[in-house]
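>
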Amino acid sequence: MFKFIRNKGQQPSAERQKLQRELFAYRKTVQHGFPNKPTCVAWDPELRLMAIGTASGSIKVVGQPGVEFYGHLPTTETSITRLLFIPNEGRLVSLSDNNTLHLWEINDTNMEETKSLQLEGKMKKISSLCLDGQTLLLGTEGGNIFSLNLPMFTLSDNVIYQDVVMQNVPEDYKINPGAVECVAPQPDHPGHILIGYNRGLMVLWNRNSSTAVQTYVWSQQLESVCWHAGGLSFMSAHNDGSHTTWDVTSGEPRGEPTTPYGPFPCKAITKLVWAQSQGEELLLYAGGMPRASFSDRHTITAQQGKKHVVFDFTSRVIDFFTIEAKGDRKDVTTLIVLLEEELVAVDLTSDSWNPLQQHYLVSLHASAVTCSTYVSDVSQAVYDQIVAAGKQQSQGVFSDAPWPIDGGTVRDAPRANTDLLLTGHEDGSVRVWRGGQVALSPLYKFVSSSVLCADDEPPPPAEEEEDEWPPFRKVGSFDPYSDDPRLAVKKICLCPETGVLVVAGTAGHVLTAKFSDTARTRQIKVTSLNIVSDRDKFVWKGHEKLGVKESCSCPVGYQVESVLQLHPPAAVTALALHAGWQLVAAGTAHGLALYDYQRHVPVTFKCTLNPNDLSGVGDAPISRRKSFKKSLRESFRRLRKGRSGRHGEKRGAQSPTPTDRRKDRTAVKAEDTVSESPSLDRARAGVTPTTPLEAKPVERAVEA
1 MFKFIRNKGQ QPSAERQKLQ RELFAYRKTV QHGFPNKPTC VAWDPELRLM AIGTASGSIK
61 VVGQPGVEFY GHLPTTETSI TRLLFIPNEG RLVSLSDNNT LHLWEINDTN MEETKSLQLE
121 GKMKKISSLC LDGQTLLLGT EGGNIFSLNL PMFTLSDNVI YQDVVMQNVP EDYKINPGAV
181 ECVAPQPDHP GHILIGYNRG LMVLWNRNSS TAVQTYVWSQ QLESVCWHAG GLSFMSAHND
241 GSHTTWDVTS GEPRGEPTTP YGPFPCKAIT KLVWAQSQGE ELLLYAGGMP RASFSDRHTI
301 TAQQGKKHVV FDFTSRVIDF FTIEAKGDRK DVTTLIVLLE EELVAVDLTS DSWNPLQQHY
361 LVSLHASAVT CSTYVSDVSQ AVYDQIVAAG KQQSQGVFSD APWPIDGGTV RDAPRANTDL
421 LLTGHEDGSV RVWRGGQVAL SPLYKFVSSS VLCADDEPPP PAEEEEDEWP PFRKVGSFDP
481 YSDDPRLAVK KICLCPETGV LVVAGTAGHV LTAKFSDTAR TRQIKVTSLN IVSDRDKFVW
541 KGHEKLGVKE SCSCPVGYQV ESVLQLHPPA AVTALALHAG WQLVAAGTAH GLALYDYQRH
601 VPVTFKCTLN PNDLSGVGDA PISRRKSFKK SLRESFRRLR KGRSGRHGEK RGAQSPTPTD
661 RRKDRTAVKA EDTVSESPSL DRARAGVTPT TPLEAKPVER AVEA
């Protein structure tokens, strides 16, 4: 019935639709934030560009801040599963979940799809990609490896069949090796590739002579392989959390396999990189954690000499890669990790392996966004203060190394502006972003939880011991959980001239903060204001207010000077600031208040509740939708009742007598008298609302 009513609503005419298209011509220009549901990542070491594919079929290529390209498959229902750059050509190949390969080209300022090829059949389902010169090797679930000619983008007749490979395997291991898990070219040996099969068999294959050079067999399922820089040894990772080093010529492992977090059962090592950094060997691998203790952790382990760090993330690891130093392809400097909810870069040249400050692809939803506001034409003095405070915040947290993804050229220098984007979050923080440019970069973070606290807040947890094993280190900013939902920011105001910041939250608190260039310990002034103080019958059944710390150690930046606590502590629904008069106006579901934050006194307040409806305030929320459904349901019941009565009359029922009609009219009048509105009863009783505001009934829930 609801669908029927909606469909019968007034539809815009053709002339109005045409006018709307002429007046509102929307055009997508740039994307901010982190891509939704990323699935894969690729890196071009020559052009120094990075590409990210998503589950909706979109591709985002980024270089230095301001260099961005976008591509998209014809349909959003197709997911991109793998990406591969053709180095130094500005082209990349994507594989979608329908087993279709797409060739993309970056032409000057845009990216477009030029060719595509689909492989039919389950046995041709692509499981791995590897670039060898101008040939793309396609490993399949059937165990065969097909060759794709990149210039023509067609399959060649040169196929490495699994049956041919198995002819050179010892008799004891001639079993079905499974799908092709990985293909890796041997460094400094053109034509040699290492083929890794799912069930543990690895074969060094000579493509020129179509013969097996050496075979390597392991009892555990294979997950990943990685060559050493010299090409004389390689390392394999397996599903039991172990990795093994192999000698190329002998075909035997060098020593026993290593299970870093054994001997108890461990998760699979999904990817492994064997590299060199600052002259020392560096080992990076994802996964491998003990199943019983840390199976829910998302980790990447880094080992170099005596250094051992487990980077612990709050979202799933999609993929990772390393970036080499310019001019030295053997020495890696940066670890780039693509996670489900953010991108993390780690400086491998610093002593403590600190993360890098990102200039784009920053997760806007590190904590759930609850409100936002855009402030334009901020005074240069205020803007410079915020930038300087943000740099001081990042000292000791982020590395000072330059951002390594620096490909491309920005033709037009970005226009100098001082626009700011402010976002309020569920954890009580306010993040300030540089607006008006292609790259949305973070500038500063204000944390209200440093001032507010719950009355029953537990003591801080004890510091973890230094010798914790594995040696976890939290990395990344994504944190989907909030300590207290009352901390959520609902409204933000920033004065562009004076820089006064006002933050209003869910628990009826309004914080006024001013900028200070010196760190200090402040005594926070709290002013309480009861909006419904003259209503004796009011009962608040929502959450309690948040407590305010008596003193707070404030670093350089925005420091809270006053707190206005409204009662009832409902969420603030409206906020206004007049910095010239030093006044703040805040509104809730119960009324509004005007506050002088300089003298810490309330100026005036107004309760917007109807005194005759106070008894219902604080009860369960009233749903207009449910009331409407109930009214419709009763109407249809009366309608059916009337129809059934008429049908009964047609079947021979006697017509009502005049006496019956008089009784029916009397009953209808009585029913109308009972169903009269409460306002009419009040009018008869001599009770009238004093103002139109007070006469407005409360028909919505008090926000909690």
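Under the UniProt record's numbering, the first residue of the sequence shown carries the number 1, and numbering increases by one thereafter. Glycine included, C-beta positions come from ideal geometry on N, C-alpha and C.
Got a sec? Which residues, its chain only, sit under 6 Å from T423 by beta carbon, not counting five neighbours each side?
V369, S372 and R431
> Which same chain residues, not among the five before or five after T659, have their C-beta less than 7 Å away from its C-beta?
Low confidence applies here, because T659 scores a pLDDT of 48, under 50, leaving its location unreliable and the question unanswered by this model.
> Between E342 and chain D, is the shortest Cβ-Cβ distance under 9 Å, so that the two count as touching?
Protein chains in the displayed structure number just one, and chain D is not present.
> Could you tell me whether the stretch 491 to 502 touches the stretch 521 to 533, where touching means 3 or more Cβ pairs closer than 8 Å?
No: fewer than three Cβ pairs fall under 8 Å.
> Any heavy atom of the ligand GDP closer than 8 Å to the Cβ of Q523?
You won't find the ligand GDP in this model; it holds no ligand whatsoever.
> If you run the structure through DSSP and keep just helix, strand and coil, what is R316?
If DSSP states are grouped into helix, strand and coil, R316 belongs with coil.
> Return the chain-ordered list of same chain residues with a C-beta closer than 6 Å to the C-beta of Q134, the five sequence neighbours on each side being excluded.
L150
> Note down, one range per segment and in chain order, each alpha helix (DSSP H) of at least 4 residues found wholly within the stretch 292 to 358.
none
> Report yes if the C-beta distance between L222 and N208 is below 9 Å; otherwise report no.
no
> Who are the Cβ neighbours of L138 in its own chain at under 7 Å, not counting the five residues just before and after it?
I126, L129, I145, F146 and L148
> Rounding to the nearest angstrom, what Cα-Cα distance links P656 and L632 in this structure?
Annotation note: pLDDT 49 at P656 (below 50); position unreliable, coordinate value reported separately. In a straight line, the C-alpha of P656 is about 29 Å away from that of L632.
> Are F320 and K267 touching if we call contact CB-CB under 9 Å?
no
> By DSSP, does P485 sit in helix, in strand, or in coil?
helix
> Taking only three categories from DSSP, how would you classify Q559?
strand
> Quick check: the Cα distance between L440 and T418, rounded to an integer number of angstroms?
13 Å
> Where F311 and H298 are concerned, what is the direct C-alpha to C-alpha distance, given to the nearest angstrom?
8 Å
> Report the three-state DSSP secondary structure of L361 (helix, strand or coil).
coil
> When DSSP labels each residue in this structure, what does V572 get in the three-state scheme?
coil
> In this structure, how does DSSP classify residue 761 when only helix, strand and coil are distinguished?
Since the first residue of the chain shown is 1 and the last is 704, residue 761 is not available in this structure.
> Flag this pair as yes or no: are the beta carbons of V225 and A184 separated by less than 9 Å?
yes
> On a Cα-Cα basis, can you pick out the residue from T334, P485, F34 and S394 that is closest to L282?
It is T334.
> Can you tell me whether S372 is helix, strand or coil according to DSSP?
In the three-state DSSP reduction, S372 falls in the strand class (E or B).
> Is it buried or exposed for V309, if we count other Cβ within 10 angstroms and need 16 for buried?
Only buried fits V309, as 16 or more other CB atoms lie within 10 angstroms of its CB.
> Going by C-alpha distance, which of T258, Q598, G251 and V532 is nearest G241?
The residue with the shortest Cα to Cα distance from G241 is T258.
> For R397, which three-state DSSP category applies?
It should be noted that the sequence gives Val, not Arg, for residue 397. V397: coil per DSSP, three-state reduction.
> Taking the alpha helix (DSSP H) that A14 falls in, what are its first and last residues?
A14 to L23
> Buried or exposed: where does V617 fall if 16 or more other Cβ atoms within 10 Å of its Cβ makes it buried?
Because V617 carries a pLDDT of 44, less than 50, the predicted location of this residue cannot be relied on, and the following value inherits that uncertainty. So V617 counts as buried.
> Can you find the residues in the same chain that come closer than 6 Å, C-beta to C-beta, to V603, ignoring five residues on each side of it along the sequence?
L594 and D596
> With a threshold of 16 other CB atoms inside 10 Å of the CB of G587, please say whether the residue is buried or exposed.
buried
> What is the DSSP secondary structure of K125, reduced to helix, strand or coil?
coil
> Taking one C-beta from the stretch 164 to 179 and one from the stretch 192 to 200 each time, how about it: are there three or more such pairs within less than 8 Å?
Short answer: they touch.
> Just to check my reading of the structure: L421 and G408 have Cβ atoms closer than 8 Å, yes? What is that Cβ distance to the nearest angstrom?
L421 to G408, Cβ: 24 Å. No contact.
> Quick test of the definition: if touching needs 3 or more C-beta pairs under 8 Å, does the stretch 558 to 572 touch the stretch 504 to 512?
yes
> From R520, W581, D427 and G542, pick the residue whose C-alpha is nearest to that of T498; which is it?
For the residues R520, W581, D427 and G542, the minimum Cα distance to T498 belongs to W581.
> With a threshold of 16 other CB atoms inside 10 Å of the CB of M152, please say whether the residue is buried or exposed.
exposed
> Contact between the stretch 7 to 26 and the stretch 47 to 57 is defined here as three or more beta-carbon pairs at a separation below 8 Å; is this criterion met?
no
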